[in-house]
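Everything below concerns the one structure shown next.
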Amino acid sequence: MPARHQFIHRFSRFMRVAPVVLLLAACSGSGPQTALEPQGPIGRDIDGVWDLVLMLATFVFVLVMGLMVWAMWRYRERPGDDAEPKQLHGSSVIEIGGVHFSVVLQTDITVPTVRGLLDIRQVPEGPDVLQIRVTGHQWWWEFEYVDETAPDGRTLITANELHIPEDVTVYLTMTSADVIHSFWVPALNGKRDVVPGRVTNLTLIADDPTPPGEPLPGQCAEFCGLAHADMRLKVHVHDAANYATWVDEQLAPSAQPAPETPLDAGWQTFSALCTACHQVTLEDVEGEVTTHGPERYVTTDDLDFRSSFGPNLTHLYSRDTFGSGTFTLNEDHLSQWIDNPASLKPMRADRNDLATGRVLGMPDLGLSPTEIAEVVDLLETWR
Ligand SMILES: [Cu+2]
Numbered sequence: 029m030p031a032r033h034q035f036i037h038r039f040s041r042f043m044r045v046a047p048v049v050l051l052l053a054a055c056s057g058s059g060p061q062t063a064l065e066p067q068g069p070i071g072r073d074i075d076g077v078w079d080l081v082l083m084l085a086t087f088v089f090v091l092v093m094g095l096m097v098w099a100m101w102r103y104r105e106r107p108g109d110d111a112e113p114k115q116l117h118g119s120s121v122i123e124i125g126g127v128h129f130s131v132v133l134q135t136d137i138t139v140p141t142v143r144g145l146l147d148i149r150q151v152p153e154g155p156d157v158l159q160i161r162v163t164g165h166q167w168w169w170e171f172e173y174v175d176e177t178a179p180d181g182r183t184l185i186t187a188n189e190l191h192i193p194e195d196v197t198v199y200l201t202m203t204s205a206d207v208i209h210s211f212w213v214p215a216l217n218g219k220r221d222v223v224p225g226r227v228t229n230l231t232l233i234a235d236d237p238t239p240p241g242e243p244l245p246g247q248c249a250e251f252c253g254l255a256h257a258d259m260r261l262k263v264h265v266h267d268a269a270n271y272a273t274w275v276d277e278q279l280a281p282s283a284q285p286a287p288e289t290p291l292d293a294g295w296q297t298f299s300a301l302c303t304a305c306h307q308v309t310l311e312d313v314e315g316e317v318t319t320h321g322p323e324r325y326v327t328t329d330d331l332d333f334r335s336s337f338g339p340n341l342t343h344l345y346s347r348d349t350f351g352s353g354t355f356t357l358n359e360d361h362l363s364q365w366i367d368n369p370a371s372l373k374p375m376r377a378d379r380n381d382l383a384t385g386r387v388l389g390m391p392d393l394g395l396s397p398t399e400i401a402e403v404v405d406l407l408e409t410w411r
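To get the numbering used here, take the position in the sequence shown, counting from 1, and add 28.
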């Protein structure tokens with residue numbers, strides 16, 4: 029077979045398998061963290077632009093490739109063809125037509141894109157907007173619900189797992205305690221940089237409650253150092269009633285063990301070592317509610333964000349995961365974490381300097397196996 033026939037033969041064989049390959053690639057599935065299965069109106073806006081661009085790009089691809097293949101076939105060299113083909117220079121039909129065609133196509137893409145961008149940037153206002161502050165840390169997320177307050181004025185503070193009500197506009201006001209991070213929950217909105225010293229915002233709206241244990245996944249999308257890949261987050265969406273229950277549970281203090289009770293051993297260790305970085309709000313046997321642990325402020329030109337050096341642990345056991353959405357929360361993982369945090373998640377706690385607010389992870393505090401078991405027993409009661 030002459031070389032060019034062999035090429036055409038191979039090419040046509042490839043064209044027959046190509047659709048199958050593409051189809052199989054699609055089966056590998058939309059992973060859980062995808063912008064292609066939007067779960068809210070903003071996510072849908074973005075996905076709509078993507079669908080449109082894909083459609084137009086496919087049309088242009090098929091048109092151009094089709095014309096090219098047709099031209100290759102139609103004007104292929106035939107035996108006895110030795111005259112030079114007719115030489116053409118310029119064609120006003122093709123040039124003017126081509127320019128018009130691309131202007132129309134690009135306008136079709138530009139208009140919805142710019143409209144979408146403006147929509148996304150709109151600042152939602154009104155009493156129904158749920159305001160949440162977000163502080164990005166190397167390598168975890170802190171959330172303060174400034175509208176959800178306990179009778180004593182405490183705000184709701186949690187970490188890594190965001191809980192929001194369905195169909196409510198949630199407005200995030202964000203900053204970073206250290207380097208630039210990027211907040212990204214693909215099903216709900218695009219990425220937004222989280223910048224030290226500055227405030228950035230992002231709106232989230234979710235259509236439906238997520239099934240228990242299947243929150244929407246998110247991820248820090250700006251390389252921020254060692255454990256960047258483990259800086260994940262989860263969004264649990266609830267109906268209004270379940271959301272209200274969650275808020276009440278989170279605002280309630282957990283219990284501080286009474287002296288001389290079995291859990292008190294864990295509390296002694298915890299209050300000696302862990303409250304250097306972690307806040308907990310506890311009610312003691314006398315009914316006194318105290319927030320233990322450091323309060324720090326992450327400052328920007330506009331706002332001071334209330335924060336701490338590590339995640340708030342008051343309701344640790346209400347979370348499914350820990351370590352910024354990376355590890356399933358269970359006794360084994362938690363014991364390993366307290367024994368040697370860096371064995372689970374890459375961190376550089378040796379470079380911590382609380383005086384300057386620099387925290388690069390949780391240190392190995394050198395607890396004995398008994399002390400670890402006592403602390404874990406205590407943490408398990410903070411639900
Ligand atoms: Cu990050």
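Every residue gets a Cβ at the ideal spot worked out from N, C-alpha and C, and that includes glycine.
query: DSSP state of C248, grouped into three classes?; result: strand
query: Got a sec: does ligand 1 put a non-hydrogen atom nearer than 7 Å to the Cβ of E316?; result: no
query: Can you list, in chain order, the residues of its chain whose CB lies under 7 Å from that of S335, leaving out five sequence neighbours each side?; result: T163, E170, A205, R324, Y325, V326
query: Pull up the distance between the alpha-carbon of T62 and that of D147, whole angstroms please.; result: 21 Å
query: Could you round the C-beta distance between D348 and G241 to whole angstroms and report it? I think they count as a contact, below 8 Å.; result: 6 Å
query: Indicate the three-state DSSP secondary structure (helix, strand or coil) for G183 in the structure shown.; result: Sequence inspection shows Thr at residue 183; the Gly mentioned does not correspond to that position. DSSP places T183 in strand when its eight states are reduced to three.
query: Given that a residue counts as buried once 16 or more other Cβ atoms are within 10 Å of its Cβ, and exposed if not, what is G57?; result: Because the pLDDT at G57 is just 41, under 50, the model does not fix this residue reliably, and the value given afterwards should be weighed accordingly. By the 10 Å Cβ count, G57 comes out exposed.
query: Which residues have a Cβ closer than 5 Å to any heavy atom of ligand 1, listed in chain order?; result: H209, C248, C252, M259
query: Starting from Q159, trace the beta strand (DSSP E) in both directions and tell me its first and last residue.; result: 158-165
query: From what residue to what residue does the beta strand (DSSP E) around W212 run?; result: 209-212
query: Could you tell me which of E288, C302, E277 sits nearest to Y345, measuring between CA atoms?; result: E277
query: Starting from the Cα of G218, find the closest Cα among E399, P374, T318, I74 and give me that residue.; result: I74
query: With D175 as the anchor, note down where its beta strand (DSSP E) starts and where it stops.; result: 168-177
query: Just mark R260 as buried or exposed, buried being the case when its beta carbon has 16 or more other beta carbons within 10 Å.; result: buried
query: Can the beta-carbon of V213 be found less than 8 Å from the beta-carbon of V263?; result: yes
query: Per DSSP, which residues does H264 bridge with? Please list them.; result: H191
query: When burial is assigned at 16 or more other CB atoms within 10 Å of the CB, is L279 buried or exposed?; result: buried
query: Less than 8 Å between the C-beta atoms of T409 and A283, yes or no?; result: yes
query: Could you tell me which of G338, T309, G76, Q115 sits nearest to A143, measuring between CA atoms?; result: A small fix is needed here, since residue 143 is Arg in this sequence, not Ala. It is G76 whose Cα lies nearest to the Cα of R143.
query: If you run the structure through DSSP and keep just helix, strand and coil, what is N270?; result: helix
query: Specify the secondary structure class of R376 as computed by DSSP and reduced to three states.; result: coil
query: Between which two residues does the alpha helix (DSSP H) harbouring S336 extend?; result: Looking at the DSSP string, S336 is not in any alpha helix (DSSP H), and its letter there is neither H nor E.
query: Starting from D221, follow the beta strand (DSSP E) in both directions and report where the run begins and ends.; result: 220-222
query: What three-state label does DSSP hand L145 in the structure shown?; result: helix
query: Could you check if M29 is buried or exposed, using at least 16 other CB atoms within 10 Å of its CB as the buried criterion?; result: Low confidence applies here, because M29 scores a pLDDT of 49, under 50, leaving its location unreliable; read the following figure in that light. Classification for M29: exposed.
query: Helix, strand or coil for V317? Go by DSSP, reduced to three states.; result: strand
query: Which word fits I70, buried or exposed, when buried means at least 16 other C-beta atoms lie within 10 angstroms of its C-beta?; result: buried
query: Output the boundary residues of the alpha helix (DSSP H) element that contains S363.; result: 359-367
query: DSSP beta-bridge partners for E311?; result: A283, V317
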